[in-house]
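Right, one structure below, let's go through it.
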Amino acid sequence: ESADVFKIWQMELDRRLVELPGRMLPQELIFFSPSAGGFPSGEQADWSIHFRNNPMFSTVRLNRWYLIVPNRANREASDFLGCLIQAARGMRFEIDQPEMVAIPDDNPATYVRTLDNVVNRDPQMIMCVV
Numbered sequence: 007e008s009a010d011v012f013k014i015w016q017m018e019l020d021r022r023l024v025e026l027p028g029r030m031l032p033q034e035l036i037f038f039s040p041s042a043g044g045f046p047s048g049e050q051a052d053w054s055i056h057f058r059n060n061p062m063f064s065t066v067r068l069n070r071w072y073l074i075v076p077n078r079a080n081r082e083a084s085d086f087l088g089c090l091i092q093a094a095r096g097m098r099f100e101i102d103q104p105e106m107v108a109i110p111d112d113n114p115a116t117y118v119r120t121l122d123n124v125v126n127r128d129p130q131m132i133m134c135v136v
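Per the working numbering, the sequence shown runs over residues 7 to 136.
Below, the structure is given as structure tokens:
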């Protein structure tokens, strides 16, 4: 399949492979907070499990934020919000319930009007469900 793509451009792959010298780098240590030691990234560089069980390096309590959601996606947004707050707990990240702002449709103009209104309330964060 890739040879066909090269033929379109009147090119071809050489049959002899090129060997290059290389080396394996040691695993990096990932630091989540000053109080916790580093965690090895693992051979697959997947340290996501450590995210759920260790405090973040630095946090600010999220207590003044807004969730803008079309009425049609209200249930899904609430489910996602529950997962988000639960995951944050494991990282010692305090997230209060947002002020949910329901919008009647997903028209871009509706989002712009709603965002203009919410921005004036000095939020820490605005999450929009599209």
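Glycine included, C-beta positions come from ideal geometry on N, C-alpha and C. Bear in mind the structure is a predicted one, so any value in this text is a computation, not a measurement.
- Annotation for A79: no beta strand (DSSP E) segment contains it, and DSSP assigns it neither H nor E.
- Counting C-beta pairs with one atom in each stretch, the stretch 47-64 and the stretch 104-111 have fewer than three that are closer than 8 Å, which means they do not touch.
- In this structure, G44 places its C-beta atom within 8 Å of the C-beta atom of I36.
- S47 sits away from P61, with the two beta carbons spaced by 8 Å or more.
- The straight-line gap separating the alpha-carbon atoms of C134 and V118 is approximately 11 Å.
- Boundaries of the beta strand (DSSP E) harbouring V107: E105 to I109, taken from the DSSP string.
- Contact between the stretch 63-75 and the stretch 87-107 is established, with three or more Cβ pairs separated by less than 8 Å.
- Residue ranges of uninterrupted beta strand (DSSP E) with 3 or more members, entirely inside the stretch 27-78 and ordered along the chain, are 71-76.
- I91 has no beta-bridge partner at all, per DSSP.
- P104 and V136 have their C-alpha atoms roughly 17 Å apart.
- Counting of Cβ neighbours within 10 angstroms places L23 among the exposed residues, the total staying below 16.
- Taking C-beta atoms as the reference points, I132 and W71 count as a pair closer than 8 Å.
- The C-beta distance from M106 to V75 rounds to 6 Å, short enough to fall under 8 Å.
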